[in-house]
Amino acid sequence: MSDFTTAPALPRARTLVHPGPVGPIRIEHRHANQARHFRLGMAPGKTMEDAIIQPLLALGVQSASMTLLGGKLERLLYCVAPPDPTGERVANYTRPIDAGAATLIFGNATFGRSARGEPVVHCHATFVCADGQVRGGHVVVDRSVVAGAPLPVLVTTLDGIELRITQDEETHMPLMRPFAAAPMWEETSRAI
Amino acid sequence: MGRVAYARVAPNEDLVLSIEKLCVAEGFRHAFVRGALGSLVDACFLAPDGGTRQVRGPAVEIVSLAGEVRTQTDGSLRAAITGIVADTEGHVHGGPFVAGANPVCVTFEVTLEEWLPAAA
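Chains Z and H are the protein sequences, given in the same order. Counting in the numbering used here, the first sequence runs from 152 upward without gaps. Counting in the numbering used here, the second sequence runs from 111 upward without gaps.
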């Protein structure tokens with residue numbers, strides 16, 4: 152006889168139907184045998200985008216996953232993702248909402264490349280808005296500016312993995328995906 | 111420090127179970143979540159009274175995630191994941207995520223760091 156346990160009923164998870172064809176791979180993954188940790192101070196006066204991208208490029212980092220610790224921002228803009236009224240997508244980002252001079256509580260960010268090969272940062276965070284309300288969402292990193300003191304970031308590099316944004320057919324959204332990284336140096340000739 | 115894995119999880123896969131499946135696929139027996147962001151259809155947290163609390167989307171944005179995966183005595187893998195989400199108005203909610211009740215909306219990006227215990 153089977154064993155049964157009593158447990159409270161869970162809210163039924165909803166399965167959404169996206170507008171495009173369903174991709175066959177549901178968990179797309181790669182691993183790096185070696186990774187490095189860096190502590191980065193995001194420079195005051197710079198946009199969050201520049202304050203992350205410039206030092207990472209200088210360190211030769213190609214892709215990374217980051218934890219943003221607490222700190223002050225001169226200005227923070229963010230988006231939330233309600234249902235898309237056009238039906239083109241299941242949900243889509245709103246126009247940027249201005250949180251004013253905000254205090255970052257915690258955030259996560261991914262450093263990769265756009266479809267054109269330009270460095271990009273994708274960041275979600277929770278923060279205290281200038282009016283004292285605690286909010287969260289997708290941070291508009293090219294329009295949010297670091298204040299007063301360097302904002303600490305723990306960087307975990309993903310050496311050998313290239314993160315690149317591609318247009319996703321299933322969701323109709325540009326999404327970050329992992330690829331095998333091209334070697335940074337190519338051997339073109341060999342001296343004997 | 112062990113290996114580091116990055117995954118992009120597709121719509122309708124469960125947040126907690128996909129982290130466990132990623133460990134199975136990569137051969138990680140123990141791991142910590144190093145970074146994660148993405149969105150859920152609805153979020154479901156364990157409440158202090160033992161019940162559950164649901165945050166309705168879509169989409170509910172994942173804005174903070176912490177957790178680990180441990181191998182159990184029977185050999186199975188179990189992820190314990192807590193975090194904070196933002197609803198469609200930006201209001202935040204948090205707690206332990208209930209396995210099987212947190213389907214991904216558009217995408218879920220997660221980085222795991224393999225943990226190699228000294229005396230495993």
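We treat Cβ as the ideally placed atom computed from N, Cα and C, and that holds for glycine.
For residue i and residue j, I'd like the C-alpha separation in whole angstroms.
| i | j | result |
| --- | --- | --- |
| A300/Z | V231/Z | 27 Å |
| P206/Z | D184/H | 45 Å |
| E199/H | L208/Z | 35 Å |
| A298/Z | G221/Z | 12 Å |
| R163/H | L210/Z | 43 Å |
| V216/H | C274/Z | 15 Å |
| C280/Z | P233/Z | 20 Å |
| H182/Z | G251/Z | 38 Å |
| R294/Z | L227/Z | 7 Å |
| E337/Z | G145/H | For E337/Z, the predicted model reports a pLDDT of 49, less than 50, meaning its position is unreliable; a value from the coordinates is still stated below. Distance between the alpha carbons of E337/Z and G145/H is about 31 Å. |
| A331/Z | P325/Z | 19 Å |
| L187/H | T181/H | 5 Å |
| A253/Z | L224/Z | 5 Å |
| A230/H | E136/H | Unreliable placement is indicated for A230/H, whose pLDDT of 49 sits below 50; no coordinate value is reported for it. |
| V143/H | T221/H | 6 Å |
| R163/Z | E130/H | 21 Å |
| A196/H | R246/Z | 16 Å |
Counting only Cβ pairs nearer than 7 Å, list the residues of chain H close to residue i.
| i | result |
| --- | --- |
| E179/Z | A117, R118 |
| V231/Z | E171, A196, T198, E199, G200 |
Check the Cβ of residue i against every Cβ in chain Z and list those closer than 7 Å, keeping chain order.
| i | result |
| --- | --- |
| R113/H | H182, A183, N184 |
| P168/H | L167, P234, V241, A242 |
In chain order, what residues of the same chain lie with their CB nearer than 8 Å to the CB of residue i, ignoring the 5 residues before and after it?
| i | result |
| --- | --- |
| E320/Z | G171, P172, G174 |
| D235/Z | V241, A242, N243 |
| A157/H | R163, G205 |
Between which residues of its own chain and residue i is the CB-CB distance below 6 Å, once the five residues before and five after are set aside?
| i | result |
| --- | --- |
| L167/Z | V241 |
| L147/H | I172, E219 |
| I316/Z | S265, A266, P325, M327 |
| T322/Z | H169 |
| L191/Z | P206, V304, V306 |
| S128/H | V119 |
| L302/Z | M193, G222 |
| T292/Z | Before going further, note that residue 292/Z is Val rather than Thr in the sequence given. Closer than 6 Å at the Cβ level, and outside the excluded window around V292/Z, lie M199, E200, V272, C274. |
Is the distance from the Cβ of residue i to the Cβ of residue j below 9 Å?
| i | j | result |
| --- | --- | --- |
| M217/Z | V296/Z | no |
| V170/H | T277/Z | no |
| V134/H | I191/H | no |
| H289/Z | R118/H | no |
| L219/Z | F257/Z | yes |
| F138/H | G177/H | no |
| I194/H | G287/Z | yes |
| L175/H | N259/Z | yes |
| L314/Z | Y116/H | yes |
Could you work out which residues of chain H lie near residue i, taking near to mean beta carbons separated by less than 8 Å?
| i | result |
| --- | --- |
| E321/Z | A120, P121 |
| P329/Z | Y116, A117, R118 |
Taking all protein chains shown into account, decide if residue i is buried (16 or more other Cβ within 10 angstroms of its Cβ) or exposed.
| i | result |
| --- | --- |
| M188/Z | It should be pointed out that residue 188/Z corresponds to His in this sequence rather than to Met. Exposed, because fewer than 16 other Cβ atoms sit within 10 Å of the Cβ of H188/Z. |
| G238/Z | exposed |
| E269/Z | exposed |
| I176/Z | exposed |
| P168/H | buried |
Strictly below 8 Å CB to CB, what residues from chain Z border residue i?
| i | result |
| --- | --- |
| G210/H | L161, A164 |
| R144/H | S216, T218, T307 |
Whose C-beta lies closer than 7 Å to the C-beta of residue i among residues of the same chain, with five residues either side of it excluded?
| i | result |
| --- | --- |
| Y357/Z | What is shown of chain Z runs 152 to 343, which leaves residue 357/Z out entirely. |
| N212/H | D124, L125, V126, L150, A153, C154 |
| I312/Z | R181, A183, S214, P329, A332 |
| Q185/Z | D310 |
Say yes only if the C-beta of residue i is nearer than 8 Å to one or more non-hydrogen atoms of the ligand ADP, and no if none qualify.
| i | result |
| --- | --- |
| C274/Z | Inclusion of the ligand ADP in the displayed structure is not the case, the ligand content being empty and no account of it being possible. |
For a contact meaning CB atoms closer than 9 Å, what does residue i contact in chain Z?
| i | result |
| --- | --- |
| A135/H | I178, H180 |
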